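**Student:**
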Amino acid sequence: MIITDSNIPLIYQEKVKAKAKNVTIHSIVPGEKSKSLSVYENIISQLLAIKFSKTDLIIALGGGVVGDLAGFVAATYKRGCRFINIPTTTLSMVDSSIGGKVALNSNNVKNAVGTFYQPEKVLIDLSTLKTLPNRHFKNGLIEALKAGILGDEILFNLFYNDQYLGALEEVVIRAINVKKKIVEQDVYDNNIRQVLNLGHTIGHAIESCNLDKVLHGEAVALGMSYVLGEALKVKTKKILRAMNSDLNFAINWQEIYNFILNDKKVSDQGIKLIKVDKIGQPYFVFVNEEELLNILKGE
Ligand code: ADP
Ligand code: ZN
Numbered sequence: 000m001i002i003t004d005s006n007i008p009l010i011y012q013e014k015v016k017a018k019a020k021n022v023t024i025h026s027i028v029p030g031e032k033s034k035s036l037s038v039y040e041n042i043i044s045q046l047l048a049i050k051f052s053k054t055d056l057i058i059a060l061g062g063g064v065v066g067d068l069a070g071f072v073a074a075t076y077k078r079g080c081r082f083i084n085i086p087t088t089t090l091s092m093v094d095s096s097i098g099g100k101v102a103l104n105s106n107n108v109k110n111a112v113g114t115f116y117q118p119e120k121v122l123i124d125l126s127t128l129k130t131l132p133n134r135h136f137k138n139g140l141i142e143a144l145k146a147g148i149l150g151d152e153i154l155f156n157l158f159y160n161d162q163y164l165g166a167l168e169e170v171v172i173r174a175i176n177v178k179k180k181i182v183e184q185d186v187y188d189n190n191i192r193q194v195l196n197l198g199h200t201i202g203h204a205i206e207s208c209n210l211d212k213v214l215h216g217e218a219v220a221l222g223m224s225y226v227l228g229e230a231l232k233v234k235t236k237k238i239l240r241a242m243n244s245d246l247n248f249a250i251n252w253q254e255i256y257n258f259i260l261n262d263k264k265v266s267d268q269g270i271k272l273i274k275v276d277k278i279g280q281p282y283f284v285f286v287n288e289e290e291l292l293n294i295l296k297g298e
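Going by numbering that gives the first Met the number 0, the sequence shown opens with residue 0, and the numbers climb by one from there.
#1: Entirely within the stretch 248-295 and at least 3 residues each: give me those beta strand (DSSP E) ranges in chain order.
#2: Classify Glu-206: buried if its beta carbon has 16 or more other beta carbons within 10 angstroms, exposed otherwise.
#3: For Ala-102, report the span of its beta strand (DSSP E) as first-last.
#4: Taking the alpha-carbon positions, what's the Glu-183 to Lys-120 distance?
#5: Excluding sequence positions up to five away, which residues of its chain have a Cβ less than 6 angstroms from the Cβ of Asn-287?
#6: CB Glu-142 to CB Gly-216, shorter than 8 angstroms?
#7: Going by C-alpha to C-alpha distance, which of Phe-155, Glu-254, Asp-94 sits closest to Gly-62?
#8: Do Tyr-159 and Lys-236 have their C-beta atoms closer together than 8 angstroms?
#9: Measuring CA to CA, which of Lys-100, Asp-211, Gly-279, Leu-60 is closest to Pro-8?
#10: Given 8 angstroms as the limit, is there contact between the stretch 130-144 and the stretch 211-230, that is, 3 or more CB pairs closer than that?
#11: Check whether the stretch 197-206 and the stretch 223-230 touch, using three or more Cβ-Cβ pairs below 8 angstroms as the test.
#12: For Asp-151, does the count of other Cβ atoms within 10 angstroms reach 16, so buried, or fall short, so exposed?
#13: Runs of 4 residues minimum, wholly inside the stretch 40-82: which ones carry the alpha helix (DSSP H) assignment?
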């Protein structure tokens with residue numbers, strides 16, 4: 000079964016279909032809303048109806064939404080069946096298709112239900128990006144920039160020197176390798192893998208408070224600017240401006256602050272943030288509520 004969405008050009012589907020036997024296509028409505036228990040159940044019903052077996056193969060063909068949903072189906076259908084991911088967005092190529100996180104949303108909570116399930120293969124064909132709308136194209140590359148900040152100065156400099164478009168394959172490979180190296184140390188996200196959340200605590204709050212206005216990467220871009228050391232922040236902001244990902248709408252920091260306090264469990268130690276002062280050297284800090292407010296106001 001190929002799981003895809005109705006925005007993905009048919010030509011990609013046809014290409015995959017031509018290489019497989021007995022293909023069933025399941026096409027979902029594009030967008031985050033489709034990562035739901037009801038869409039999940041529809042797919043399970045169809046799999047049962049066609050007598051899909053554990054040894055049959057689920058192929059995700061699309062962006063992060065399709066990958067997360069199809070991966071969750073593959074992880075759970077008859078306790079797990081074969082799974083290959085073919086990401087077609089920059090975001091899914093450099094980030095969500097790597098590392099095995101699969102999930103659905105529930106009760107308006109993103110990824111409320113999920114697990115870890117590694118695909119047999121991730122197949123990346125950069126030519127699929129030709130049809131990806133430019134805003135989504137840039138959006139995903141923010142996660143590659145994040146990977147550069149976390150662990151690859153050459154990758155960071157491809158962005159800083161405005162060479163990333165001409166070196167797209169290198170950008171994707173380098174970003175994946177940063178993530179791969181981190182995930183392999185902590186597959187189940189108990190400690191070091193959390194550095195991949197750089198910019199995400201504040202970014203997720205910005206995304207959630209401005210749902211129609213911002214994409215995930217755009218919110219993370221802004222979220223990162225609160226947690227980088229001064230020199231790195233200046234450089235990163237220059238990159239974001241050049242990429243046109245420098246979101247300049249007025250942030251209601253009081254609203255962001257309230258969201259974070261509601262969203263995150265505040266432990267005795269405070270709220271955990273990831274900071275980077277020097278490329279390749281992320282570290283954790285715990286801030287109390289007052290310190291968080293100052294960080295948000297200070298930006
Ligand atoms: P992401 O991977 O960025 O998390 P989505 O899975 O929501 O996000 O995909 C973003 C949008 O781009 C969706 O509307 C999806 O249908 C569309 N899309 C994905 N890949 C392509 C592509 N290669 N060409 C055109 N549109 C695409
Ligand atoms: Zn992200």
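From the three backbone atoms N, C-alpha and C, an ideal C-beta is built for every residue, glycine too.
Predicted model, so just to flag it, every value in this text is computed and none were measured.
**Tutor:** Well, looking at it:
#1: Taken in chain order, the complete beta strand (DSSP E) segments of 3 or more residues contained in the stretch 248-295 are 270-275, 281-286.
#2: In the sequence shown, residue 206 corresponds to position 207, counting from 1. Taking all protein chains in view, the Cβ of Glu-206 is crowded by 16 or more other Cβ atoms within 10 Å, so the residue is classified as buried.
#3: Reading the sequence shown from its first residue, position 103 is the one you call residue 102. For Ala-102, the uninterrupted beta strand (DSSP E) run begins and ends at 100-105, by DSSP.
#4: Against the sequence shown, residue 183 aligns to sequence position 184. Against the sequence shown, residue 120 aligns to sequence position 121. Each residue's Cα considered, the two are about 16 angstroms apart.
#5: Within the sequence shown, residue 287 is the residue found at index 288, counting from 1. Excluding its 5 nearest sequence neighbours in each direction, Asn-287 has C-beta neighbours in its own chain below 6 angstroms: Gly-269, listed in chain order.
#6: As a position in the sequence shown, residue 142 is number 143, starting the count at 1. As a position in the sequence shown, residue 216 is number 217, starting the count at 1. Cβ atoms of Glu-142 and Gly-216: closer than 8 angstroms.
#7: The sequence position of residue 62 within the sequence shown is 63, counting from 1. Answer by Cα proximity: Asp-94.
#8: Reading the sequence shown from its first residue, position 160 is the one you call residue 159. Reading the sequence shown from its first residue, position 237 is the one you call residue 236. No, the pair does not count as a contact, with Cβ atoms beyond the cut-off.
#9: Translated into positions along the sequence shown, residue 8 becomes position 9. Of the listed residues, the one whose Cα sits closest to Pro-8 is Leu-60.
#10: Pairwise C-beta distances place the stretch 130-144 in contact with the stretch 211-230, as three or more of them are shorter than 8 angstroms.
#11: Counting Cβ pairs under 8 angstroms, three or more are found: they touch.
#12: Numbered from 1 along the sequence shown, position 152 holds the residue referred to as residue 151. By the Cβ-count criterion, Asp-151 is buried, with 16 or more other Cβ atoms from all chains shown falling within 10 Å of its own Cβ.
#13: With a minimum length of 4 residues, the continuous alpha helix (DSSP H) runs that stay inside the stretch 40-82 are 63-75.
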